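Peer 1: With the numbering used here applied, the sequence shown corresponds to residues 24 to 439, in that order. Below are the structure tokens for one structure; questions will follow.
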Amino acid sequence: MGKENLPVPQKKEFKKANEIIAPRVARGGSLSLLGRKVFNVLLYHTQRLGAPGDLAPEGAEVFKSLYWLPLSELAKDAAFNSDDAALLKDTLLKLQDIKIITDSTKGFSSDVLVASVKIIPGERKRPTMVGWGLHPATEEILRSPEFFTRLSLYYLTSLKTNAGAALYENCKRYATNPSHLTRREPWEWWHEVLTGTPIATEKPEYKYFKRDTLKPALAEIETTDIQVEMVEHKNGRRVTDLQFKVFLRAQGSLELPPPPVIDTALIKRIVDIGIYPKEAEDLFAKHDEQFLVKTLDLVSARARDSSLSPITSIAAFFRTAVKRRYADAKQAGTRPQTDIETKQALQIDSPASNEKREKIDAALKWFDDHAEDERQRVFSSFVSQTPFIRAHAAKSKKSPMVRQALGVWLIDSGIC
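Rendered as structure tokens:
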């Protein structure tokens, strides 16, 4: 076992009810890395405040039923080192939509993470305030749990992958257990818990889950106050169940600030090639940051390569490059067949099929049938929401590439 000393965390600890240590998402979208950390910060401050109403802004009686905190303090405790307040606010609001299910010795339950959220904009010397309410059925358990795991915001906010944060919580619960072993569950269960994706989401093959999710999470936890080893249970040669062996580490005396929770510059770069913001956040949560940077660089270089056939949809090609891990193939010295794969990606995600071609033609006809001022308004929206096409649109609005991208955008955005 490793005996190296680790930083001592700040005393921002809270008791997380064991019932919600391993939530699985039933519906409402994915529980992202930032969403997971913001929820933990809300729990910390719920317990610190003790009761709702403190710091409630004036103006409505309902405000007294909520817990309140300046938005800037929430951002600081979540290690959100960015000026992108809109992303933080959007994450708060999304927590209301996510419904989770939990399994415990007391049975199965289904709950929302946060029952309500209010954001009151700041004015003059008053800061922007965030108010939140917990569901009446779970508020007491979350505020004063009987069976809990003591967690530190320091370590929770220092982790940079969704799976790392989720695995850390799960394993910390068993660090002082005599067996030092987590519960044994099918690997598909662990996939749902660690990725934060809805239960109905299609699972990858186990070997890819191990490579893309488990190994990076285990490596990241090496920087925390616990050491974790994975235990695979097999039926023949096939892995069926997983457990994790957990040990506490010794701590040192050095205090280091945690890194940013999310790289908003990288999110913006993904959005700028035509990926929707929510999808960009999900990609960031599911994949290693350096892998995404390498993939963006690869896609950018491929788009500029005039010796190959032009890429009709850079967004579609990026999705394929992520899914098939072209950047890894390039690093390993093998040639990702990007020209062939571009055509395959377009067959899946853009107008190669006759059916989709007909839909695009119909969308462009709908566009052409409108008056000039209406066409200009729609086209301006298209260009503003599809940054990668701006340079091409500035040269010619009627080029085949611009027209085809416009048709795809009209369909995807639901305008026509």
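Virtual Cβ for every residue (Gly too), placed ideally from N, Cα, C. Treat the numbers as computed from the prediction; the structure is a model and nothing was measured.
1) Quick check on DSSP: helix, strand or coil for Lys122?
2) By the 10 Å Cβ neighbour count, where 16 or more other Cβ atoms means buried, how is Asp392 classified, buried or exposed?
3) Under 8 Å by Cβ, that's how I've got Gly297 and Glu243 pegged, so tell me the actual separation to the nearest angstrom.
4) Give me the residue from Gly430, Tyr349, Lys420 and Ala40 with the minimum Cα distance to Glu169.
5) Tell me the residue span of the beta strand (DSSP E) that contains Phe37.
6) Only counting the same chain, and skipping five residues up and downstream in sequence, which positions put a Cβ closer than 6 Å to that of Ala303?
7) For the alpha helix (DSSP H) holding Arg166, just list the boundary residues, first then last.
8) Along the chain, where does the alpha helix (DSSP H) containing Pro239 start, and where does it finish?
9) Establish whether the CB of Val254 and some CB of chain C are separated by less than 8 Å.
10) Rounded to whole angstroms, what is the Cα-Cα separation between Lys230 and Arg380?
11) Would you kindly report the start and end of the unbroken beta strand (DSSP E) that includes Tyr90?
12) Checking the sheet assignment: what are the DSSP bridge partners for Asn185?
13) According to DSSP, simplified to helix, strand and coil, what is His203?
14) With respect to the alpha helix (DSSP H) encompassing Gly58, which residues constitute its N-terminal and C-terminal limits?
15) By the three-class DSSP mapping on this structure, what secondary structure does Gly430 have?
16) Need the endpoints of the alpha helix (DSSP H) that Glu252 sits in, please.
17) Rounded C-beta distance between Leu271 and Ile249? I'm assuming under 8 Å.
18) Leaving out five residues on either side along the sequence, give the residues of the same chain with a beta carbon under 7 Å from the beta carbon of Arg50.
Peer 2: In terms of the structure at hand:
1) Three-state result, Lys122: strand.
2) The residue is exposed, with fewer than 16 neighbouring Cβ atoms inside 10 Å.
3) That belief does not hold up - the Cβ atoms of Gly297 and Glu243 are roughly 30 Å apart, past 8 Å.
4) For the residues Gly430, Tyr349, Lys420 and Ala40, the minimum Cα distance to Glu169 belongs to Ala40.
5) That run of the beta strand (DSSP E) goes Glu36 to Ala40.
6) Only Ile290, Ile293 and Val294 meet the Cβ criterion.
7) In the DSSP assignment, Arg166 falls within the unbroken alpha helix (DSSP H) covering Glu162 to Arg166.
8) Looking at the DSSP string, the run of the alpha helix (DSSP H) that includes Pro239 is Lys238 to Ile244.
9) The question asks about chain C, but that chain is absent: this structure has only one protein chain.
10) Rounded to whole angstroms, Lys230 to Arg380 spans 37 Å at the Cα level.
11) Note, Tyr90: beta strand (DSSP E), Tyr90 to Pro93.
12) DSSP lists no partner for Asn185.
13) Note: His203 maps to coil in three-state DSSP.
14) If you look at Gly58, you'll find it in the alpha helix (DSSP H) that goes Leu56 to Leu72.
15) Three-state DSSP puts Gly430 in a helix.
16) Premise fails: Glu252 lies in the beta strand (DSSP E), Ile249 to Asn258, not in any alpha helix (DSSP H).
17) The pair is a contact, with the Cβ atoms about 6 Å apart (cut-off 8 Å).
18) Cβ neighbours of Arg50 beyond the five flanking positions: Lys122 and Pro221.
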